[in-house]
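Some notes on the structure that comes next.
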Amino acid sequence: MTSVLPEIECGPLQAFYEREERHAGDVCFVQPGPDGQLESLTWHDVGQQARRIASYLDSLNLEPGSRVALMSSNCCHWIIADIAIWMAGHISVPLYPILAEDTVRKVLEHSDAQVMFVGKLQDWDTIRAGIPDQVALVSLPLAPPAIAAGTVRWGDILREQLPMPGTPDQPLNALATIIYTSGTTGMPKGVMHSFANLATVGQLTGQLYDTREADRMLSYLPLAHVAERAAVEINQLYNGFRVYFSHSLDTFADDLRRARPTLFFAVPRIWSKLQQRVLEQMPEKKLERLLRLPIVGGMVRRKLTGALGMDKLRIAVSGAAPLSTSLMRWYSKLGIEILEGYAMSENFAYSHSTQLGQARIGYVGNANPHVICKLSPEGEILVKSPTNMLGYYREPELSAQAIDTDGYLHTGDKGEISRDGRLKITGRIKDIFKTSKGKYVAPAPIEDRLQRHTALELVCVTGANLPQPIALATLAEGTRHDEQALQLELADLLEETNSALDKHEHLSQIIVFPTPWTVESNIVTPTLKIKRPEIDKRYMPRVAEWQSSKDRVIFAQH
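Just so you know, the sequence shown maps onto residues 1 to 558 in the UniProt record's numbering.
Now the structure itself:
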């Protein structure tokens, strides 16, 4: 792919003003209310609200370029607030809606946030304790009364403020947002992106996936996550499709059926849960048998995709974590080609992608237009993207380590590049561990093999300083199983997996836990990546207990 920088037609705000003027009456958002009733907002509606919120921010007399935080479950007002922040000349700082008190405090203090928009959140008392007193709070319309109390309310601002006139804009090279990564280790780092980066993503993503105004998306993953923000907010500003918002996890299935998206982005755990929903209704062997029948197979596919709300799906993308080959094959049998992508916060989700008809098991696609990718002598993936970050906020040394003098981002991932330029991710450099025999083990490929079993949701292979690695796993939600039968199946899986590995990689045991690994338990990040250091800290002290048993598959009690 060529590395020539793309020509930027307009910044995000100018893209918005064009939508506001030329498509004023077009519905852009469909937002469920607290009672489940749907509200449709046009580009004109969004413009009026954004302009009034921008006027309010302007009335606070903040220094230009002040940091303004956003923390809420997904809703249209999150995006409207983001636009208003830019219109008022400030920098948006998204926070994941599920963060610990200490992390909230550190991010707000590190970014020196002056104002914070808060919406529908869980465990508000804990979050509130982490917000410094000097941060002014504005509550979004869907914030429950307990959160809205003591804040400036969105509705009051709309009634009291006049819309900001004109088309206020920001220089393309100006800082637009600071994204704090949901790191698997330590304090999140503040990734800085310019308006030029956002514009490049908006223009090129639309071209890459042939995004159309008639398309529909369901927004449900945290908008603080760079992939969701790029796919939904920025992509929509430049390409004008309609966005539906999910009301809650409990209503997700209904929300998906209502939206019937043509574009759908999900992390592997969501793809797994959707698969599990199907298998709860129909055993896998029966489904396999029906899908093989010429006429019946087509009817079953249409019925299942319709029941999932995916019968109009045109583009299905998976990212943020590796997708197991078994899941990709399973969806392929339903007629859904999942396109894997690879990127990170540091390049605003623009690096590698797979195109329709070109999916290849185990690969995340080719470098996107204007992206150059190469491997270091150690096998680390190095990416030069026009959307590479400006650096880490207030971290010049870390910034210099992340992006070298030639402009390549050091991703921390190990990979392989095929002759035709396809990229395969083989693991994180920091994830590789050494056994007590002095042998190095890359856990990701082994985890991929184990996750082919539909009963396993998350798997972590670990074993630093052990004679042989072990696998820790959780059961997929809703899994109905006979423990004895499942133990035999997993023992067969263990034997099958080991037969494909080098001897030093052979797993000694699989330990299965009864409760899921969650963000709340601090074992996965808000983007559902496992925190290996936390898993090792929590479970390695119990290894001796497990290894004293002769069982190769153990169902842990807690």
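Ideal placement from N, C-alpha and C gives every residue a C-beta, glycine not left out.
Taking the DSSP output, what are the residues bridged to MET116? Looking up residue 116 in the sequence shown gives position 116. Looking at the DSSP assignment, MET116 forms a beta bridge with ALA69, LEU137.
Does the distance from the CB of GLN91 to the CB of GLY65 come in under 7 Å? As a first step, residue 91 must be located in the sequence shown, where it is residue number 91. As a first step, residue 65 must be located in the sequence shown, where it is residue number 65. First, the residue type needs correcting, since residue 91 is Ile and not Gln in the sequence shown. The answer is yes: Cβ separation under 7 Å.
Taking only three categories from DSSP, how would you classify LYS366? Here the question's residue 366 lines up with position 366 in the sequence shown. The amino acid at residue 366 is misidentified as Lys; the sequence shows Asn. Residue state, collapsed to three classes: strand.
Could you check how far apart the C-beta atoms of ILE511 and ALA556 are, in whole angstroms? I think they sit under 8 Å. To locate residue 511, count along the sequence shown from 1; it is residue 511. To locate residue 556, count along the sequence shown from 1; it is residue 556. That pair is a contact at about 6 Å.
Is DSSP giving ALA176 helix, strand or coil here? Taking the sequence shown and counting its residues from 1, the one referred to as residue 176 is at position 176. Of the three classes helix, strand and coil, the one that applies to ALA176 here is strand, per DSSP.
What residue from HIS225, LEU390, ASP502, LEU423 has the CA that sits closest to PRO443's CA? In the sequence shown, counting from the first residue as 1, residue 443 sits at position 443. When each option's Cα is compared against that of PRO443, the closest is ASP502.
What does the alpha-carbon distance come out to for the pair THR177 and GLY379? One-based indexing of the sequence shown puts residue 177 at position 177. One-based indexing of the sequence shown puts residue 379 at position 379. Using only the alpha carbons, I get a separation of about 31 Å.
Beta strand (DSSP E) runs contained entirely in the stretch 283-356, provided each spans 3 or more residues: The stretch 283-356 contains these whole beta strand (DSSP E) runs: 315-318, 338-342.
If the criterion is Cβ atoms closer than 7 Å, does the pair VAL138 and PHE117 meet it? As a working mapping, residue 138 is identified with position 138 in the sequence shown. As a working mapping, residue 117 is identified with position 117 in the sequence shown. Their beta carbons are under 7 Å apart, which means VAL138 touches PHE117 by this criterion.
Which of the three DSSP states is assigned to TYR17 in this structure? Taking the sequence shown and counting its residues from 1, the one referred to as residue 17 is at position 17. Looking at TYR17 - three-state DSSP - the assignment turns out to be helix.
According to the neighbour-count rule (16 or more other Cβ atoms, all chains shown, within 10 Å of its Cβ), is LEU38 buried or exposed? Start at 1 with the first residue of the sequence shown, and residue 38 comes out as number 38. So LEU38 ends up on the exposed side.
Can you check which of these residues, ALA400, GLY407, ILE432, ARG422, is closest to ASP413 by C-alpha distance? Residue mapping note: residue 413 aligns to position 413 of the sequence shown, counting from 1. The residue with the shortest Cα to Cα distance from ASP413 is ILE432.
Can you tell which of PHE513, VAL201, ARG22, ALA224 has the C-alpha that lies nearest to the C-alpha of ARG542? The residue given as residue 542 occupies position 542 in the sequence shown. Relative to the Cα of ARG542, the nearest Cα in the group PHE513, VAL201, ARG22, ALA224 belongs to PHE513.
Below 8 Å, how does it come out for the stretch 241-260 and the stretch 211-223: are there three or more Cβ pairs, yes or no? yes
In this structure, does DSSP put LEU5 in helix, strand or coil? Here residue 5 corresponds to residue number 5 of the sequence shown, with the count starting at 1. Reduced to three states, the DSSP call for LEU5 is coil.
In terms of residue numbering, what span does the alpha helix (DSSP H) encompassing residue 563 cover? The question about residue 563 has no answer, for the chain in this structure spans 1 to 558.
Check whether the stretch 159-178 touches the stretch 189-196, taking contact to mean three or more Cβ pairs, one atom from each stretch, closer than 8 Å. yes
Which one of ASP133, TRP43, ALA113 has the shortest CA to CA distance from MET71? Position 71 of the sequence shown, counted from the start, is the residue given in the question as residue 71. The shortest C-alpha separation from MET71 is found at ALA113.
Considering only residues of the same chain and omitting the five flanking positions on each side of GLY463, which have a CB-CB separation below 7 Å? Reading the sequence shown from its first residue, position 463 is the one you call residue 463. So the list reads PHE433, THR435, VAL441, PRO469, ILE470, once near-sequence residues are dropped.
Fully enclosed by the stretch 501-543, which alpha helix (DSSP H) runs are 4 residues long or longer? 532-539
Cβ neighbour criterion (16 or more within 10 Å) applied to residue 560: Absent from the model: residue 560. The displayed extent of the chain is 1 to 558, so no value can be given.
Proximity to GLU228 [Cα-Cα], best of MET192, PHE348, ALA136: One-based indexing of the sequence shown puts residue 228 at position 228. Nearest C-alpha to GLU228: PHE348.
For THR2, which residues of its own chain have a beta-carbon under 6 Å away from its beta-carbon, when the five flanking residues on both sides are left out? Here the question's residue 2 lines up with position 2 in the sequence shown. Note that THR2 has pLDDT 49, beneath the 50 cutoff, so the model's placement of it is unreliable and the number below is only indicative. Closer than 6 Å at the Cβ level, and outside the excluded window around THR2, lies no residue.
Short check: CB of GLY119 to CB of LEU142, under 7 Å? Here residue 119 corresponds to residue number 119 of the sequence shown, with the count starting at 1. Here residue 142 corresponds to residue number 142 of the sequence shown, with the count starting at 1. The answer is yes: Cβ separation under 7 Å.
Excluding five sequence neighbours on each side, which residues of the same chain lie with their C-beta closer than 8 Å to the C-beta of GLU109? Position 109 of the sequence shown, counted from the start, is the residue given in the question as residue 109. For GLU109, where only same-chain residues beyond five positions count, the Cβ hits under 8 Å are PRO132.
Please report the straight-line C-alpha distance between CYS75 and LEU263, rounded to a whole angstrom. Taking the sequence shown and counting its residues from 1, the one referred to as residue 75 is at position 75. Taking the sequence shown and counting its residues from 1, the one referred to as residue 263 is at position 263. Cα to Cα, the separation comes out at about 18 Å.
Count the other CB atoms within 10 Å of the CB of ASP406; is the residue buried (16 or more) or exposed (fewer)? Translated into positions along the sequence shown, residue 406 becomes position 406. ASP406 is exposed by the Cβ-count criterion.
When you compare the CB positions of PRO6 and THR200, do they come within less than 7 Å of one another, or not? Residue numbering aside, residue 6 sits at position 6 when the sequence shown is read from its first letter. Residue numbering aside, residue 200 sits at position 200 when the sequence shown is read from its first letter. For PRO6 and THR200, yes; Cβs fall inside 7 Å.
Through-space distance from GLU233 to residue 590, alpha-carbon basis: The chain is shown from 1 up to 558; residue 590 falls before or after that span and cannot be answered.
Straight-line Cα distance separating LYS537 from ASN522: If you number the sequence shown from 1, residue 522 lands on position 522. If you number the sequence shown from 1, residue 537 lands on position 537. In a straight line, the C-alpha of ASN522 is about 12 Å away from that of LYS537.
Report yes if the CB atom of GLU340 is closer than 7 Å to the CB atom of LEU323, and no otherwise. Numbered from 1 along the sequence shown, position 340 holds the residue referred to as residue 340. Numbered from 1 along the sequence shown, position 323 holds the residue referred to as residue 323. A contact, by the Cβ cut-off of 7 Å.
May I ask you to verify whether the stretch 491-506 touches the stretch 275-284, counting CB pairs closer than 8 Å and requiring at least 3? no
Per DSSP, TYR440 is paired with what? Position 440 of the sequence shown holds residue 440. TYR440 is bridged to LYS434.
Within the same chain, show all residues whose beta-carbon is closer than 8 Å to that of GLU101, passing over the 5 residues directly before and after it, in chain order. As a first step, residue 101 must be located in the sequence shown, where it is residue number 101. For GLU101, where only same-chain residues beyond five positions count, the Cβ hits under 8 Å are THR126, ILE127, ALA129, GLY130.
So which of LEU41, GLN14, PRO34, CYS10 has the shortest CA-CA distance to ALA24? Locating residue 24 in the sequence shown gives position 24, where the first residue counts as 1. Comparing Cα positions, the closest option is LEU41.
Do you know how far the Cα of PRO533 is from the Cα of LYS430? The residue given as residue 430 occupies position 430 in the sequence shown. The residue given as residue 533 occupies position 533 in the sequence shown. Roughly 10 Å between the two C-alpha positions.
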